[in-house]
Amino acid sequence: MLKGLNPGMMDRRVTVQTRTLTYDAYNNPTETWNDTDTVWCMVEYPKTGSGEVYDDNVQIASRVAVFTFRYYAGLDAGTNRLKYETDIFDIERISELGRRNHTQATAKLKDNDGRQ
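If you read the sequence shown in this note's numbering, its first letter stands for residue 18, the second for the next number, and so on.
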C-alpha cells in the first residue's frame with residue numbers, strides 16, 4: 018500500500034467503459050460504449066486544469082478529476098473512459114502508483130459537447 022493512501026478514501030464507484038466500433042451495411046462506423054467494470058475509487062477535483070476552453074470558436078466548460086483505484090491492468094486512454102455518477106470523463110493520463118499497487122487516471126469532463 019502507498020504511504021498516506023487510506024483505503025477508506027476509496028468510497029466512490031466508477032464504471033470503466035470500453036469503446037467498440039461496429040459497421041453498418043454501407044461500411045459506416047458507429048461508435049458504442051460498453052460497461053466493462055465497476056470499481057471503488059477515490060475522486061479528487063484539482064484546483065488547476067479545470068476551466069473554460071475554446072474549440073472551433075465555441076466556449077466549452079471543462080472539469081478535471083483524478084480517479085485513484087487499485088491497480089487496473091489494461092486501462093487505456095484511447096479505448097476507455099470513466100462514468101462517474103451521471104458524468105462521462107475522457108481519460109487523458111494514466112499513472113501507475115507504487116509497484117502495481119494503484120492506478121491513477123486524470124480525466125476531463127466536457128459539460129456541453131453534445132454527448133450522451
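Ideal Cβ positions, reconstructed from N, Cα and C, are used throughout, including at glycine.
* Asked: Which two residues bound the contiguous beta strand (DSSP E) that contains P46?
  -> For P46, the enclosing beta strand (DSSP E) stretches over residues P46 to E61.
* **Same chain only: Cβ atoms within 6 Å of A122, ignoring 5 sequence neighbours per side** => F84, I108 and I111, listed in sequence order.
* Return the first residue and the last residue of the beta strand (DSSP E) that L38 is part of. => Per DSSP, the unbroken beta strand (DSSP E) holding L38 starts and ends at R29 to Y40.
* Asked: Among the residues of its own chain, which have a CB less than 7 Å from the CB of F106, if the five just before and after it don't count?
  -> Cβ within range, chain order: A82, R98, L99, A124, K125 and L126.
* Asked: Exposed or buried, what is L92 when buried is set at 16 or more other beta-carbons lying within 10 Å of its beta-carbon?
  -> L92 should be labelled buried.
* E113 - partner residues in DSSP beta bridges -> In the DSSP secondary-structure assignment, E113 is bridged to T120.
* May I have the straight-line CA-CA distance separating E48 from N23, to the nearest angstrom? => Distance between the alpha carbons of E48 and N23: 38 Å.
* Asked: Cβ of T101 within 8 Å of Cβ of V56?
  -> Checking the sequence shown, residue 101 turns out to be Tyr, not Thr. Not in contact: Y101 and V56 (Cβ atoms no closer than 8 Å).
* Using the C-alpha atoms, what's the distance from A42 back to R29? -> In this structure, the CA atom of R29 is about 41 Å from the CA atom of A42.
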